[in-house]
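Below is one structure, written out as structure tokens; comments come after it.
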Amino acid sequence: MWIYEKKLQYPVNIKTPNAKLAKVIISQLGGPDGELAASLRYLNQRYSMPYAEVKGLLTDIGTEELAHVEMVSAILYQLTKDLSTEEIKASGFDTYFVDHTAGIYPIAASGVPFTAAYFQSKGDIITDLHENLAAEQKARTTYDNILRLADDPDVRDPIRFLREREIVHFQRFGEALRITQDKLDSKNFYACNPSFDKNCGIK
Amino acid sequence: MNLDLFDDLNGFILRERENSLPSADNDLKTNNGSAVSRFPANTPLAMAYVPFQQWSSVYGDDDAFAAGTLFPDLDLPFMNGGNTR
Amino acid sequence: MNEKQLLLNKIKKYSFALKELNLYLDTHPNCRRALALFQQYKELRDKGENEFNEKFGPLTPEQSTCTQRWNWIDDPWPWERR
Numbered sequence: 097m098w099i100y101e102k103k104l105q106y107p108v109n110i111k112t113p114n115a116k117l118a119k120v121i122i123s124q125l126g127g128p129d130g131e132l133a134a135s136l137r138y139l140n141q142r143y144s145m146p147y148a149e150v151k152g153l154l155t156d157i158g159t160e161e162l163a164h165v166e167m168v169s170a171i172l173y174q175l176t177k178d179l180s181t182e183e184i185k186a187s188g189f190d191t192y193f194v195d196h197t198a199g200i201y202p203i204a205a206s207g208v209p210f211t212a213a214y215f216q217s218k219g220d221i222i223t224d225l226h227e228n229l230a231a232e233q234k235a236r237t238t239y240d241n242i243l244r245l246a247d248d249p250d251v252r253d254p255i256r257f258l259r260e261r262e263i264v265h266f267q268r269f270g271e272a273l274r275i276t277q278d279k280l281d282s283k284n285f286y287a288c289n290p291s292f293d294k295n296c297g298i299k
Numbered sequence: 009m010n011l012d013l014f015d016d017l018n019g020f021i022l023r024e025r026e027n028s029l030p031s032a033d034n035d036l037k038t039n040n041g042s043a044v045s046r047f048p049a050n051t052p053l054a055m056a057y058v059p060f061q062q063w064s065s066v067y068g069d070d071d072a073f074a075a076g077t078l079f080p081d082l083d084l085p086f087m088n089g090g091n092t093r
Numbered sequence: 704m705n706e707k708q709l710l711l712n713k714i715k716k717y718s719f720a721l722k723e724l725n726l727y728l729d730t731h732p733n734c735r736r737a738l739a740l741f742q743q744y745k746e747l748r749d750k751g752e753n754e755f756n757e758k759f760g761p762l763t764p765e766q767s768t769c770t771q772r773w774n775w776i777d778d779p780w781p782w783e784r785r
């Protein structure tokens with residue numbers, strides 16, 4: 097089960113509202129490569145995993161991604177608090193505002209709402225780990241792009257932190273894949289699916 | 009003559025490179041019971057291999073927090089066309 | 704930063720080190736150096752959290768010790784600007 101701690105993993109203190117920035121950063125909440133997709137991906141995949149190390153890792157990274165959902169939401173909340181009507185109209189934030197005011201709702205920058213179609217839980221450990229490696233790189237590139245677009249140091253600081261976490265997660269998933277390889281017959285990694293088949297490799 | 013060496017020349021080169029690193033990098037036996045080496049002995053085709061991190065230096069808690077990782081080896085910031093952090 | 708923010712920031716740093724080591728240990732479960740560092744940070748973090756809980760209130764609902772009032776709900780919440 098989950099424990100909630102009443103603190104952000106890393107501080108978010110944004111002094112200047114900026115609806116234009118919020119419009120793009122929202123992709124890391126409700127977009128295809130965002131933190132919500134990441135946490136649901138890993139927390140769902142963990143059930144069919146055959147190895148203790150990987151069950152632990154998916155649980156723990158999935159949990160950290162929930163903390164990142166919270167951080168991105170905090171960034172969006174602070175960027176859109178106390179906006180004037182002029183700012184709302186001028187920034188193009190009006191199309192979100194009309195449906196959600198300054199409420200937080202998971203959509204992509206394109207306006208497409210969050211969907212489980214953004215992630216897969218394939219029930220095959222090699223496949224799922226490759227999905228996760230790709231997901232972490234996609235998230236990193238999205239954060240790179242946000243850093244290209246954001247000048248405000250108050251915004252850049254937590255974004256940099258979140259971006260670095262993706263690189264670390266990539267490394268850990270790579271290690272999970274190595275652990276998996278060690279448990280299988282290297283003559284043919286694909287002879288069976290250790291997430292489903294009995295007697296597939298060692299435990 | 010060990011013919012396996014020539015079947016896996018890249019693996020051989022990798023292993024030699026890894027073994028020439030200072031011992032802190034791959035001295036797993038002293039601090040890590042069932043060690044996983046940086047690269048596997050066999051690297052068959054049609055599979056991806058990520059190097060396995062070996063314990064090395066760590067940042068202090070202030071630097072780690074600012075960098076977003078405890079591990080300098082994983083500290084890989086985005087250098088936005090000349091801009092640093 | 705006031706005393707509350709300073710203490711909370713320290714707790715965040717220790718918690719972060721713990722999380723990093725947590726993920727490292729998930730794939731390196733026998734690494735004694737990581738295990739030792741984890742315990743060191745755990746001690747620092749637990750000490751900080753107890754102090755915070757005493758002076759400023761609970762960080763989780765189950766840490767609540769106040770018998771007059773359910774202070775878990777009190778502002779500020781983490782996403783709000785200081």
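Protein chains in written order, with our numbering: chain A, 97 to 299; chain B, 9 to 93; chain C, 704 to 785.
Positions of the beta carbon are idealized from the N, C-alpha and C atoms, including for glycine.
TODO: Quick one: using the 10 Å Cβ neighbour count with 16 as the cut-off for buried, is TYR286 of chain A buried or exposed?
DONE: exposed
Open item on the list: Distance cutoff 9 Å, beta carbons only. Does ALA56 of chain B sit that close to anything in chain C?
Closed with: no
- [ ] Indicate whether the contact test is met: 3 or more Cβ pairs, each with one atom in the segment 235–247 of chain A and one in the segment 151–160 of chain A, closer than 8 Å.
- [x] no
TODO: Check each residue of the segment 251–273 of chain A: if its Cβ is closer than 7 Å to any Cβ of chain B, include it; give the result in chain order.
DONE: ARG256, PHE257, ARG259, GLU260, ARG261, ILE263, VAL264, GLN267, GLY270, GLU271, LEU273
Open item on the list: Just to check my reading of the structure: LEU73 of chain B and LYS745 of chain C have Cβ atoms closer than 8 Å, yes? What is that Cβ distance to the nearest angstrom?
Closed with: The sequence shown places Phe at residue 73 of chain B, rather than the Leu named in the question. PHE73 of chain B to LYS745 of chain C, Cβ: 16 Å. No contact.
Task: Neighbouring residues, chain C, relative to GLN174 of chain A (Cβ below 9 Å) - done: TRP782, GLU783, ARG784
Open item on the list: Can you tell me where the alpha helix (DSSP H) holding GLY158 of chain A begins and where it ends?
Closed with: 148–176
- [ ] Give a yes or no on whether 9 Å exceeds the smallest Cβ distance from GLY41 of chain B to chain C.
- [x] Because GLY41 of chain B carries a pLDDT of 45, less than 50, the predicted location of this residue cannot be relied on, and the following value inherits that uncertainty. Yes, GLY41 of chain B counts as interfacial toward chain C.
Task: Of the residues C:PRO764, C:ILE776, C:TRP773, the one placed nearest GLU101 of chain A, counting alpha carbons only - done: C:PRO764
- [ ] Closer than 7 Å by beta-carbon distance: list the chain A residues that pair up with ASN725 of chain C, in chain order.
- [x] ASP156
Task: Closer than 9 Å to chain C by CB, PHE47 of chain B - done: no
TODO: Check whether the Cβ of ARG244 of chain A lies closer than 9 Å to any Cβ atom in chain B.
DONE: yes
Task: CB contact below 9 Å: PRO30 of chain B versus chain C - done: Its pLDDT being 42, under 50, PRO30 of chain B is placed unreliably by the model, and the measurement read from it follows with that caveat. Not one chain C Cβ lies under 9 Å of PRO30 of chain B.
Task: Cross-chain neighbours of GLU160 of chain A in chain C, by beta carbon under 7 Å - done: LYS722
Open item on the list: Below 8 Å on the Cβ atoms is my contact criterion, and I expect SER291 of chain A with ASP220 of chain A to pass it. Report the Cβ-Cβ distance as a whole number of Å.
Closed with: 5 Å
- [ ] Given a cut-off of 9 Å, decide if ASN725 of chain C and ASP156 of chain A are closer than it, judged by their beta-carbon atoms.
- [x] yes
Task: Beta-carbon contacts of LEU711 of chain C that lie in its chain and below 7 Å, excluding the five residues immediately before and after - done: PHE755
- [ ] May I ask whether a heavy atom of the ligand SAM can be found less than 8 Å away from the beta carbon of GLN216 of chain A?
- [x] Ligands displayed in this structure: none; no statement on the ligand SAM is therefore possible.
Open item on the list: Quick check: what's the CA-CA separation for LEU136 of chain A versus LEU162 of chain A?
Closed with: 9 Å
Open item on the list: I'd like the list of long-range same chain contacts for GLU262 of chain A, defined as Cβ closer than 6 Å, with 5 residues on each side in sequence excluded.
Closed with: GLU232, ALA235, ARG236
TODO: Specify the secondary structure class of PRO254 of chain A as computed by DSSP and reduced to three states.
DONE: helix
- [ ] List the residues of chain A that LEU53 of chain B touches, going by C-beta distances under 8 Å, in chain order.
- [x] The premise fails here: LEU53 of chain B is roughly 10 Å from chain A at the closest Cβ pair, so nothing lies under 8 Å.
- [ ] Check the Cβ-Cβ distances between ASP70 of chain B and every residue of chain C, and say whether any is below 9 Å.
- [x] yes
- [ ] Would you mind telling me which residues of chain B sit closer than 8 Å to LYS716 of chain C, beta carbon to beta carbon, in chain order?
- [x] ASP69, ASP70, ALA72, PHE73
Open item on the list: Pop quiz: ALA170 of chain A and VAL251 of chain A are said to be a contact at Cβ under 8 Å. What is the actual Cβ separation, rounded to whole angstroms?
Closed with: ALA170 of chain A to VAL251 of chain A, Cβ: 11 Å. No contact.
TODO: Give every residue of the same chain whose Cβ lies closer than 7 Å to the Cβ of ALA205 of chain A, excluding the five residues on either side of it in the sequence, and list them in chain order.
DONE: LYS119, VAL120, ILE122, SER123, GLY127
- [ ] Could you check what DSSP says for PRO48 of chain B in three-state terms: helix, strand or coil?
- [x] coil
- [ ] Tell whether a beta-carbon distance below 9 Å holds between LYS103 of chain A and PRO781 of chain C.
- [x] yes
TODO: Establish whether the CB of TYR100 of chain A and some CB of chain C are separated by less than 9 Å.
DONE: yes
Task: TRP719 of chain C: contacting residues in chain B (beta-carbon distance under 7 Å) - done: The sequence shown places Phe at residue 719 of chain C, rather than the Trp named in the question. Correct list: ALA72, PHE73.
Open item on the list: Check this for me: beta carbons of PRO113 of chain A and LEU175 of chain A, under 9 Å apart or not?
Closed with: yes
Task: Contact check, SER187 of chain A vs ALA115 of chain A, beta carbons under 9 Å - done: yes
- [ ] Out of A:GLN216, A:VAL165, A:HIS226, point me to the one whose CA is closest to ILE200 of chain A's CA.
- [x] A:VAL165
Open item on the list: Would THR768 of chain C and PRO779 of chain C qualify as a contact pair, given that the criterion is a beta-carbon distance under 9 Å?
Closed with: no
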